[in-house]
Amino acid sequence: MRRFSNTILLAVLASPLAATTVALAQNAPRDPDIGTRTQVWPGYIIAGVFAAILISLTLFPSKRQPEDL
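To convert, note that position 15 of the sequence shown is 14 in numbering that gives the first Met the number 0; the numbers rise steadily by one, no gaps.
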C-alpha cells in the first residue's frame, strides 16, 4: 500500500510539469537568422591550436625513459 501511495504522490507532483511542457510546446518556433553567418577561420585556428597541443604532449618525452629500456 505504501508503494502505491508513493506512486500516486509522484504522479500528482509531476502533473504540473507535464502541463507546462505541453504548454511550452504550443509556442511557435523563432525565426532563424539566415543573413548572419559566422566565419569559418576561427574554428580552424582553434582546431589547429588543439592539434598542436595534442601533438606536443604526445611527443613530449616521459621521465621514465631509462626504466623502459
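We treat Cβ as the ideally placed atom computed from N, Cα and C, and that holds for glycine. The structure presented is a predicted model; accordingly, all values stated were derived computationally and were not measured.
#1: Note down the Cα distance separating L56 from V39, rounded to an integer number of angstroms.
#2: Can you give the Cα-Cα distance for A51 and T35, rounded to whole angstroms?
#3: In whole angstroms, what separates the C-alpha of L9 from that of D32?
#4: Taking DSSP as the reference, what is the three-state secondary structure of G42?
So, from the data block:
#1: The residue you call residue 56 lines up with position 57 of the sequence shown. The residue you call residue 39 lines up with position 40 of the sequence shown. Cα to Cα, L56 sits roughly 26 Å from V39.
#2: The residue labelled residue 51 in the question sits at position 52 within the sequence shown. The residue labelled residue 35 in the question sits at position 36 within the sequence shown. Going from the Cα of A51 to the Cα of T35 covers about 31 Å.
#3: The count along the sequence shown starts at 1 and reaches residue 9 at position 10. The count along the sequence shown starts at 1 and reaches residue 32 at position 33. Approximately 41 Å between the Cα atoms of the pair.
#4: The count along the sequence shown starts at 1 and reaches residue 42 at position 43. Looking at G42 - three-state DSSP - the assignment turns out to be helix.
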